[in-house]
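Residue numbers (our numbering): 278 to 727. Idealized CB from N, CA, C, for every residue including glycine. In what follows, a single structure is set out as structure tokens and then discussed.
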Ligand code: FAD
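This is the structure we're talking about:
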């Protein structure tokens, strides 16, 4: 292939996108090397989806143990040990990191456990000073938490640190209204913390259907989570007793023992050497790529969060796979389809959605038909838990084609994964109506919508 280069491919960053691309390129016969400056697996495995979901499971027991009494169980002396859970989670993260590393090594990918940057045409320099060359370079460096630049911002933690806390905060202020803010609000609230979400705008989860957002907010409020909207932080001051005084622009100061920023993520492009070879970036700092993930420099590609297309693991993986197949495989080059991507918020209860929300559907199609089911799942009835679930299906008024489905309630993400197949395949509501329900389930509501 690129005989006069050291490698056919050099990947910078071994997260979801970089790992998939490196492994697949090697399986296609390419000589691959890759550099990772922190831990193999990247954000998702080390400090994102995976440990987060484990904490969500742990948090759910708070409600399940409470509900158990309504199902006849006596639960005596229950208590929660954060350090035990944290350490279990971290142990499993280490195990998965090992599997990722082993898979790459089995595919003969040469691994450099250090930082890398582009220092010339086809040339990469590692932190140790070693210089290598590659025919193709893949930038898969991901993104990192953005912390707003107010006074005292150095006292604020992000999701990176949240997994390693010594104890559950007693009262935590979470800045931001996106999925990470709402997920950690649910986690810490279930573990007994007093949680306040402070958001600059007047809403949460702005990409989700308003009915789902509203339901999550109502349920979060009923569980004791407080929301401060249209709020801006002026300063965070550390007190002598270790607490933090948070001074707002237009509200009385409040005291917390932890302040966490979940205020978006910025692409990792600093010190990558992009200027050295003239790789173009956009206004959000994202690396600009075409539909085949190619940058403006012919031999340099970029996948995943650093391109800021859709910041989700399965998307980064698909982009990595498509890049490797297209450049090193024997297929025609192909692009990743970024439409109709299902997603979830692992809040308490979770939200999941696919396709357009009602507002987007109305803007695009004008006349839409909306079918809703607002119900209390059987388990919540027995548990005497006053928590209702909501399912919404939005269809094109003329053809009946499903444009989007959204749901909030137990197991919503599990249910939505299957429903997303139907929406992606362009099915109609009539196809759902023609499907017999599995009774009694929560998911049956999807085929019983009127
Ligand atoms: P990353 O996984 O971030 O990997 C990039 C890697 O590059 C990192 O390991 C970094 O150390 C390395 N790197 C950077 N610069 C260099 C350099 N110069 N040299 C060497 N190495 C370098 N997505 C979901 O789909 N579902 C979820 O439930 C979900 N939950 C999340 C929860 C949290 C708290 C967070 C933060 C994210 C979550 N995500 C979730 C998003 C998901 O983690 C990312 O979309 C995904 O990891 C992106 O993969 P990537 O390969 O682009 O980058």
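On the three-state DSSP scale, how would you describe residue i?
{"i": "residue 525", "result": "strand"}
{"i": "residue 427", "result": "coil"}
{"i": "residue 570", "result": "coil"}
{"i": "residue 576", "result": "coil"}
{"i": "residue 326", "result": "helix"}
{"i": "residue 652", "result": "strand"}
{"i": "residue 357", "result": "coil"}
{"i": "residue 415", "result": "strand"}
{"i": "residue 396", "result": "strand"}
{"i": "residue 564", "result": "strand"}
{"i": "residue 460", "result": "helix"}
{"i": "residue 616", "result": "coil"}
{"i": "residue 557", "result": "coil"}
{"i": "residue 701", "result": "helix"}
{"i": "residue 599", "result": "helix"}
{"i": "residue 299", "result": "helix"}
{"i": "residue 226", "result": "The question about residue 226 has no answer here: the residues shown for the chain are numbered 278 through 727."}
{"i": "residue 515", "result": "strand"}
{"i": "residue 497", "result": "helix"}
{"i": "residue 660", "result": "coil"}
By DSSP's criteria, residue i is part of a beta bridge. Which residues make up the other side?
{"i": "residue 309", "result": "286"}
{"i": "residue 229", "result": "As displayed, the chain neither begins before 278 nor continues past 727, which places residue 229 out of reach and without an answer."}
{"i": "residue 422", "result": "542"}
{"i": "residue 388", "result": "311"}
{"i": "residue 503", "result": "473"}
{"i": "residue 520", "result": "DSSP output for residue 520 lists no bridge partner at all."}
{"i": "residue 537", "result": "434, 451"}
{"i": "residue 532", "result": "522"}
{"i": "residue 402", "result": "394, 408"}
{"i": "residue 510", "result": "525"}
{"i": "residue 622", "result": "628"}
{"i": "residue 645", "result": "673"}
{"i": "residue 478", "result": "Answer by DSSP bridge pairing: none, since residue 478 is not bridged."}
Excluding the five sequence neighbours on either side, which residues of its own chain have a C-beta within less than 8 Å of the C-beta of residue i, listed in chain order?
{"i": "residue 704", "result": "678, 679"}
{"i": "residue 572", "result": "416, 556, 557, 564, 565, 566, 578, 579"}
{"i": "residue 462", "result": "451, 472, 474, 497, 502, 624"}
{"i": "residue 488", "result": "635, 649, 667, 669, 683"}
{"i": "residue 446", "result": "465, 470, 533, 534, 535"}
{"i": "residue 232", "result": "Outside the displayed range of the chain (278 to 727) lies residue 232, so it cannot be described from this structure."}
{"i": "residue 676", "result": "705"}
{"i": "residue 510", "result": "425, 427, 452, 475, 523, 524, 525, 526"}
{"i": "residue 539", "result": "422, 435, 436, 451, 452, 453, 455, 457, 458, 461"}
{"i": "residue 615", "result": "586, 587, 592"}
{"i": "residue 542", "result": "420, 421, 422, 423, 582, 588"}
{"i": "residue 393", "result": "287, 289, 312, 314, 401, 402, 403, 404"}
Exposed or buried, what is residue i when buried is set at 16 or more other beta-carbons lying within 10 Å of its beta-carbon?
{"i": "residue 715", "result": "exposed"}
{"i": "residue 684", "result": "buried"}
{"i": "residue 718", "result": "exposed"}
{"i": "residue 297", "result": "buried"}
{"i": "residue 325", "result": "buried"}
{"i": "residue 364", "result": "exposed"}
{"i": "residue 334", "result": "exposed"}
{"i": "residue 689", "result": "buried"}
{"i": "residue 609", "result": "exposed"}
{"i": "residue 611", "result": "exposed"}
{"i": "residue 376", "result": "exposed"}
{"i": "residue 408", "result": "exposed"}
{"i": "residue 294", "result": "buried"}
{"i": "residue 397", "result": "exposed"}
{"i": "residue 349", "result": "exposed"}
Here's a check: name, in chain order, each residue in its chain whose Cβ is nearer than 6 Å to the Cβ of residue i, leaving out the five neighbours to either side.
{"i": "residue 642", "result": "673"}
{"i": "residue 498", "result": "none"}
{"i": "residue 504", "result": "474"}
{"i": "residue 456", "result": "622"}
{"i": "residue 410", "result": "282, 283, 399, 400"}
{"i": "residue 722", "result": "650, 668"}
{"i": "residue 479", "result": "506, 507"}
Just to confirm my understanding: we take residue i, look at its own chain, exclude 5 residues before and 5 after, and list those with CB closer than 7 Å. What are they?
{"i": "residue 657", "result": "664"}
{"i": "residue 730", "result": "An answer regarding residue 730 cannot be provided, because it is not within the stretch 278 to 727 covered by the chain."}
{"i": "residue 712", "result": "724"}
{"i": "residue 512", "result": "427, 428, 429, 524"}
{"i": "residue 569", "result": "603, 610, 612"}
{"i": "residue 385", "result": "303"}
{"i": "residue 355", "result": "342"}
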